Every structure is written in C-alpha cells, then in structure tokens.
Amino acid sequence: ATKNGGRNGFSYFTAAMQEVAKIRMRLTNDLHNALAGKQFEVYYQPIVELATGKIAKAEALIRWNHPVAGLISPANFIPIAEETGLICGIGDWVFQNVVQQLAAWRDDGKSEVQISINKSPIQFQNGTKDHSDWHAQLSALGLPGESVVIEITESVLLENSEKVRSQLSKLYLGGMRISLDDFGTGYSSLAYLQKFDIDFLKIDQSFVSNLTHTSNNLALCEAIIVLAHRLGIKVIAEGVETEEQHVLLKQAGCDYGQGYLFSKPLPAVEFGRLLHATS
Ligand code: C2E
Ligand code: MG
Ligand code: MG
Ligand code: MG
C-alpha cells in the first residue's frame, strides 16, 4: 500500500490494518451496549501482606464477557472506553458493584477487606459522579471510607490541576485511600509523592519481573521502598510471579505483594471463599 495510492485514503492501510480498524470499530459499537447487556464482571486479585502472608486487600479488575468474542481483556477495551468517554459510566458501575459486594461479604460475616478500584484520568476530567456521590454510596450501606482505595496513575498527578487536587483531597478526607499505580513507568516526579495524600505506591510489574539478587531492578525496588517509607507511604509490589521475587521483596521491606504467585484475579464468589469468617 502506498500513501498516495487511493483517493479515499483507505489504500494507505494494509489489509491487516483494515482488519484491526474493523475489529476496533466493532468493539467500540459493542462497548456501548455492554453495560445495559450486563456483560461486565468484577474480578478480585488478592493483595498479600508479606510479613504475615495474610490477604489484607484485593484489587478490583473489570472483565468483559463479550457474547461472541468471549472474555476480552481490559487492556484491549479500557483505552477504547477512555476515548469514547464510556469509561465514566463503566467506572461508576464498577464502584457500585464493588461497594455492594463489600456489603454482602460483611453481611456474610467475612473478615474485613480493603478493595482497590482503578480510576481513569478521564473520570477525573469528565466524570459525572464525584467524591460526594461515592461517599454517599458507601455510607448508604454503612461502609467506612477506608474500605475503598482509589488507584490512580501518575498522569493524573502530572496534570497538577486544581480540579484533580481538590477531588483527591476530598476522597481522602472522606476516608478513602489513594494508591499510585504502575509506579516507575511514567515520569516518576518524586515531588508529588509528598504533595498529594498518597497512602500506597504500587511498584510496576516491569521492575518486579527479572528481579534477582544481582539485578539493577533490585536496587530500584529497594530505593523505592526506602523512599516511600520515609514519606509514610506503604509499598505494594505488582506482578509477583516467583518465590525468588517474593523473598527478595520481603527482605527489602516491601509491605504487600500482588501477583500470580499468590493468586490470579478471581470471580467474586471464589475470592469470597478466601476471606475467613470472623465469627
Ligand atoms: P493494573 O491496574 O496495573 O492491574 C494489574 C494488572 O496486572 C491486571 O491486568 C492483573 O491481572 C495483572 N497481573 C496481576 N498479577 C500479575 C502477574 O503476576 N503477572 C502478570 N503478567 N500480570 C499480572 P488486567 O486485569 O488485564 O488489567 C489491565 C489494566 O486494565 C489494569 O492494570 C488497569 O489499568 C486497567 N483496568 C482494569 N480494570 C479496570 C477498571 O475497573 N477501571 C479502569 N479505569 N481500569 C481498569
Ligand atoms: Mg491497578
Ligand atoms: Mg498496576
Ligand atoms: Mg498496569
């Protein structure tokens, strides 16, 4: 295919690219109907306290059960949801779903668990529901703010806008906790670690994979942990897959681990079975 080949411009694309564009367009269309079609499901991935081995928390991760294509990974549809603005409705749905699930586990006498929910930068800009709606949803079910941790990425903080700052501080004042996701992959400006009310920092899995006694990644992880602790921030390592990574992180003083070594993300019923009954 050549750039000047076709009058309509489409010959610029190779057949493969056309196919990708077609799939993307179909996904975009289908995504509009996914919420109403009840095609989403929230999975829960345990977050383990390394000192005790206890499941202290979990991350809520959305799954799309597409009627024809089957299970579609969020990596493939979250970007489309963000471009189309659908992420705001989807994000509100995830929040409500998690909060109801938390209340159900409490009513079943399960031990308390803190759930992390990912919040896209687009939700900060264009979301229709804000911190006060979310607090209201929690308190309507008698749940404390601390039951939810909001995971944001560095790009949210980089914007440094007054709107983001005030939304974050109101979330925080209402008891919800803030976690900085994928740490180390963005600009990693260290200044915002003390400027915002951040409770948890998640070391990106790219640093955790290839973690060995001799690797530079170990030096990086150790430095991040020391820095975070000095600022009163707890550290969660993402993507822990091997016992060696587990041991090295524990020795380095990392507070929590999340990854396939402990568990894959699980449907709510299965995760609920891991939570002990308290009475
Ligand atoms: P994330 O927030 O960084 O979530 C961690 C991802 O790492 C998850 O992928 C999880 O399944 C995967 N993971 C966990 N342990 C391991 C491991 O040991 N090895 C490897 N290779 N991967 C591991 P997932 O569920 O496919 O989600 C991908 C991304 O999609 C998330 O990255 C997050 O950015 C986004 N996402 C998922 N659910 C939501 C949501 O409800 N709202 C928003 N806005 N974004 C979401
Ligand atoms: Mg996350
Ligand atoms: Mg992450
Ligand atoms: Mg990620």
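When you read off a place in the sequence shown, starting at 1, and then add 733, the result is the number in the UniProt record's numbering. All residues carry an ideal CB built from backbone N, CA and C; glycine is no exception. Keep in mind that this is a model prediction, so the values were computed, not measured.
Could you give the C-beta distance for S899 and P854, rounded to a whole number, given that I count them as a contact under 8 Å?
Actually they do not touch by this definition, with Cβ atoms about 15 Å apart.
For K983, which residues from the same chain have a beta carbon less than 6 Å from its beta carbon, with the 5 sequence-adjacent residues on both sides left out?
L783
Which of helix, strand or coil does DSSP assign to S948?
coil
Which residues in the same chain as V827 place their Cβ atom closer than 7 Å to its Cβ, once the five residues preceding and following it in sequence are excluded?
V775, A793, I795, I850
I'd like to confirm something about L794: is its beta-carbon nearer than 7 Å to some heavy atom of ligand 1, or not?
yes
Pull every residue with its beta-carbon under 6 Å away from any heavy atom of ligand 3, and keep them in chain order.
D914, D915, K935, E971
Tell me whether V959 is buried or exposed, calling it buried when 16 or more other Cβ atoms sit within 10 Å of its Cβ.
exposed
Give me, in chain order, the residues of the same chain whose beta-carbon lies closer than 7 Å to that of L1007; leave out the 5 immediate sequence neighbours on both sides.
P779, I788
Give every residue of the same chain whose Cβ lies closer than 8 Å to the Cβ of G965, excluding the five residues on either side of it in the sequence, and list them in chain order.
none
Would DSSP call A734 helix, strand or coil?
Confidence at A734 is low in this model, with a pLDDT of 42, below 50, so its placement is unreliable and the value that follows should be read with caution. Coil at A734, not helix or strand.
Let's see if you can read the secondary structure: which residues bound the alpha helix (DSSP H) around E892?
887–892
Taking only the alpha-carbon atoms, compute the straight-line gap between S948 and Q978 and give it to the nearest angstrom.
11 Å
On the DSSP bridge assignment, give the partners of D914 in chain order.
T886
Within its chain, find whatever has a CB closer than 7 Å to the CB of L901; leave out the 5 residues flanking it on each side and keep chain order.
I911, F929, D930
Measuring CB to CB, does G992 end up less than 8 Å from E976?
no
Out of V980, L923, G907, state which residue places its alpha-carbon closest to the alpha-carbon of A869.
G907
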